[in-house]
């Protein structure tokens with residue numbers, strides 16, 4: 003099911019989709035799955051809550067369309083559940099999306115796309131212990147899809163399983179060498195150990211220029227409390243561009259932090275515990291452009307425009 007083509011439909015197409023209604027759209031499945039998916043998404047968005055209510059109560063084969071007289075077969079039920087799941091994701095209603103994808107899998111247990119979307123939603127809701135099996139089944143259904151490997155690598159990195167994350171991200175890159183999100187996430191994962199030069203290389207392959215690659219590595223090291231190494235990355239930036247204010251600010255901040263921690267540690271009975279960001283700024287493969295470092299929620303900086 004190709005939802006990318008929903009974008010770009012004219013206002014007239016939107017009005018047609020809403021006025022026709024899903025019960026009539028279903029009669030014209032010969033138009034192709036991508037057009038059907040687009041009509042589903044638009045009709046669901048513009049025609050009220052009938053399908054949401056029906057889905058909440060559980061769709062059964064042969065149920066009447068709440069907006070008409072058509073009957074839904076099993077395949078159409080799955081289409082509705084999946085579209086509602088995507089719609090819920092778009093509204094950041096992750097719990098509802100989880101419920102819809104679980105409904106898809108109840109009817110089609112081997113739906114790789116449903117396993118994939120469910121795994122992502124489980125990660126978003128913090129249920130990391132439940133997502134592994136769904137990623138595995140998604141990969142089994144589509145072993146040549148680099149985006150699934152990249153998202154699984156991201157998931158593993160969030161769980162602190164860096165060695166496994168590295169394996170998945172490398173597989174994603176092997177399948178799609180220009181997948182920038184996988185390169186950026188691999189850069190962050192490699193920086194958890196001693197592979198700093200390779201980390202820089204992957205930040206570059208992820209779309210960063212030389213200065214931004216050092217910035218990204220520096221921020222990743224800060225997140226690990228590796229102050230001296232982080233300072234060295236910002237000094238690299240100043241060697242390339244002595245007027246870089248951000249690098250100067252980071253160095254000054256690190257110097258103040260280190261001095262403060264030394265004072266605290268010198269006090270009897272006190273051991274300083276740095277309060278650094280818990281999220282190292284890992285990025286999903288499904289996004290298209292590396293995110294620019296504009297606040298403390300993002301590590302990776304790039305000369306590309308933000309999404």
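Residue numbers (the numbering used here): 3 to 309. Note that beta-carbon positions come from the ideal geometry of N, C-alpha and C, so glycine has one too.
For residue i and residue j, what's the separation of their Cα atoms in angstroms?
i	j	result
residue 101	residue 144	23 Å
residue 77	residue 89	18 Å
residue 242	residue 232	16 Å
residue 251	residue 258	11 Å
residue 152	residue 107	22 Å
residue 96	residue 191	26 Å
residue 183	residue 166	17 Å
residue 195	residue 222	11 Å
residue 154	residue 93	23 Å
residue 163	residue 134	12 Å
residue 244	residue 235	13 Å
residue 268	residue 249	29 Å
residue 147	residue 175	11 Å
residue 73	residue 149	35 Å
residue 126	residue 98	12 Å
Can residue i and residue j be called in contact, C-beta distance under 8 Å?
i	j	result
residue 237	residue 253	yes
residue 112	residue 124	no
residue 213	residue 239	yes
residue 80	residue 109	yes
residue 208	residue 185	yes
For residue i, tell me which candidate among the options has the shortest Cα-Cα distance.
i	options	result
residue 215	187, 85, 160	187
residue 158	170, 82, 189, 147	170
residue 193	174, 211, 227	227
residue 256	106, 229, 164	229
Can you name, in chain order, every residue of its own chain whose Cβ lies under 6 Å from the Cβ of residue i, other than the five neighbours on each side?
i	result
residue 136	117, 120, 121
residue 114	140, 143, 144
residue 128	none
residue 84	106
residue 91	99
residue 168	191
Among the residues of its own chain, which have a CB less than 7 Å from the CB of residue i, if the five just before and after it don't count?
i	result
residue 104	120
residue 1	This structure leaves residue 1 out entirely; the chain is present only between 3 and 309.
residue 138	none
Who are the Cβ neighbours of residue i in its own chain at under 8 Å, not counting the five residues just before and after it?
i	result
residue 246	213, 239, 240
residue 130	124, 157, 160, 161
Indicate whether the contact test is met: 3 or more Cβ pairs, each with one atom in the stretch 172-180 and one in the stretch 191-202, closer than 8 Å. Cβ pair count under 8 Å is below three, so no.
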